[in-house]
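Protein chains in written order, with the numbering used here: chain A, 1 to 348; chain B, 1 to 83. Okay, so here's the structure we're looking at.
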Amino acid sequence: MADKATQVKCVIWDLDGTVWEGTLSEGGAGALRPGVADTIRELDRRGIIQSIASKNDASSAMKKLEEFGLADYFLCPQISWDHKSGSVQTILTTLNLKPEAVAFVDDNPFERDEVRFAHPNVRAYDADQAAGLTGLPEFSVRFITQDSANRRKMYQADLNRQAAEQSFGGSAEEFLATLNMRMEISRVTEADLRRVEELTVRTHQLNSTGYTYSYEELLTLSRSPDHIFCICGLRDNYGDSGKVGLLLLERQERALRLKLLIVSCRVMTRGIGSALLAYATQLARAEGKKLQAEFFETEHNRIMYITYKLAGFEEVEENGPNLLLEYGKDEPIPFPSYLAVDISQAGD
Amino acid sequence: MELQEIKERIYQFLTKLKKADGLEYDTELFKSKYITSLFALQIVQFIEKEFRIKLGRKDITEANFHTINAMAELVQQRLSGGR
């Protein structure tokens, strides 16, 4: 398995001399370069998303991709005469990606250097390596879940939603209310475990502890009477976002101890972390216990710390990056008004 | 920067998150359920970006964020280099 720090989530392709032979603007592109179409399809199947940074005329380049049957594989393609480092930055921002999760493929060493200079953590590959990418460990995934196979479509729905939000006149809360978001919380079953494992490995920013568990440990936790292990799905008017959140609570004598709170970065601004946290306070109340949360500070998860603190949690123990937080209010947190929540109690 | 201007900028941002509905500088944001933790997060990010300050762990408390007045005082303290 690829080291979690080095797993590529997005591949950004150059076109001329990389995806196809020749230069489109100088009298035409030739055939697809050998193996590239297969690589693009296989990366897509693995749930690795793809985009384009190409110096070209946008409409003729997209037309060419359509002729090859590849146009749909790319999210927010950046085709213009701008610097590629700028195009890469636009893709990082639009898709909410960290540079270390991104690979850039270009036959031109100048372009690779230009991108690397601006984004030292983006990994650059020569076009000669394109056909072999799927054999490299950083492009390997251990298994393919339903969420990974649908990932491109979910990202596309996210982009459509973002565009709608930008043209929306009212406040953020009013916009969220227009989405008709439905969150479904259920107990983790064996069928969910691959997605659970994928979420624990892929998520860094919205991860309260970064704990990872083996498949066998996850299976044990899902069956343990001493734990409450929940997964949540989300859908709205723009489509199904799949399984996007995890909550793991350990039953202790006087407290429910939150061991893991994870939310997929794709749904970062939609209040799912807040809603899961609200659910945890409600569960603790129902069992007549305090709610405590373990937190392990990393360089990426400060957002989670802020979420806890401003939801009414206070530090009760501190040991370097290891914190224990406790919810100090009498009333549990209600679910946000813009979100409908279905809770299925199966397995309890 | 004048305290008044800081308050005004924070107020403007809050109304982008949520309809103003009687929002005042001293409205208790958490008690009135004016902000959920989702928005709390966006407020912290806004304040750091807008006023170019970095807030530490110890700054992220309800006491510093419960009203626009409290946030503005925190910002002004940071801007004048105080702790």
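We treat Cβ as the ideally placed atom computed from N, Cα and C, and that holds for glycine.
Burial state of Glu173(A) is buried, judged by a 10 Å Cβ sphere holding 16 or more other Cβ atoms.
In the three-state reduction of the DSSP assignment, Glu21(A) falls in the strand class. Boundaries cannot be given for Asn108(A), as no beta strand (DSSP E) includes it and DSSP labels it neither H nor E. When Leu277(A), Phe68(A), Glu297(A), Ala157(A) are compared, the shortest CA-CA separation from Leu323(A) is found for Glu297(A). Taking 8 Å as the threshold, the shortest C-beta distance from Leu24(A) to chain B does not fall below it. When only Cα atoms are considered, Ser224(A) and Ser186(A) end up about 15 Å apart.
Boundaries for Asp14(A): no beta strand (DSSP E) harbours it, and the DSSP string shows neither H nor E there. The bridge partners DSSP lists for Arg123(A) are Ala103(A). Against chain B, a Cβ distance below 9 Å from Tyr305(A) picks out Arg57, Ile60. The DSSP-derived three-state label of Cys265(A) is helix. DSSP places Arg194(A) in no beta strand (DSSP E) but in the uninterrupted alpha helix (DSSP H) bounded by 193-202. Note on Lys309(A): 16 or more other CB atoms within 10 angstroms of its CB, so buried under the neighbour-count rule. By the rule that beta-carbons nearer than 8 Å mark a contact, Gly69(A) does not touch chain B. A direct Cα-Cα distance of roughly 25 Å separates Ala284(A) from Glu197(A).
The Cβ neighbour count for Ile144(A), taken over all protein chains shown within 10 Å, is under 16; the residue is labelled exposed.
Given a length threshold of 4 residues, each whole run of the alpha helix (DSSP H) inside the stretch 214-296 of chain A is given here in chain order: 215-223, 272-287. Counted as a single uninterrupted DSSP element, the stretch harbouring Val8(A) is not any beta strand (DSSP E), since DSSP gives it neither H nor E.
Within the stretch 157-194 of chain A, the runs of alpha helix (DSSP H) that reach at least 4 residues and sit entirely inside it are, in chain order, 172-178. Between Arg251(A) and Asp158(A), the beta carbon gap of about 36 Å keeps them out of contact (Cβ cut-off 8 Å).
Within the stretch 16-27 of chain B, the residues whose Cβ lies closer than 9 Å to any Cβ of chain A are, in chain order, Lys16, Leu17, Lys18, Lys19, Ala20. Collapsing the DSSP output to three states places Lys98(A) in coil. A residue is called buried when at least 16 other Cβ atoms come within 10 angstroms of its Cβ; Ala191(A) does not meet this threshold and is exposed. Fully enclosed alpha helix (DSSP H) runs of no fewer than 4 residues occupy 37-50, 62-65 of the stretch 36-72 of chain B, in order along the chain. Here Leu199(A) has Leu246, Ile262 as same chain residues with Cβ atoms under 6 Å from its own Cβ, once five neighbours each way along the sequence are excluded.
In summary, Pro336(A) is buried, with 16 or more beta-carbon neighbours lying within 10 Å of its beta-carbon over all protein chains present.
For Ala340(A), the enclosing beta strand (DSSP E) stretches over residues 339-343.
By the neighbour-count criterion, in which 16 or more other beta carbons inside 10 Å mark a residue as buried, Glu287(A) falls on the exposed side. Take the alpha-carbon of Arg302(A) and the one of Ser274(A): they are about 15 Å apart. For Val341(A), the closest of Ile79(A), Met183(A), Leu218(A) by C-alpha to C-alpha distance is Met183(A). Counting other Cβ atoms within 10 Å of its Cβ, Gln78(A) reaches 16 or more and is therefore classed as buried. In terms of beta-carbon proximity, Leu74(B) stays away from the interface with chain A, with every pair separated by 8 Å or more.
With at least 16 other beta carbons inside 10 angstroms of its own, Val244(A) counts as buried. For Gln12(B), there is no enclosing beta strand (DSSP E); the enclosing alpha helix (DSSP H) covers residues 3-17.
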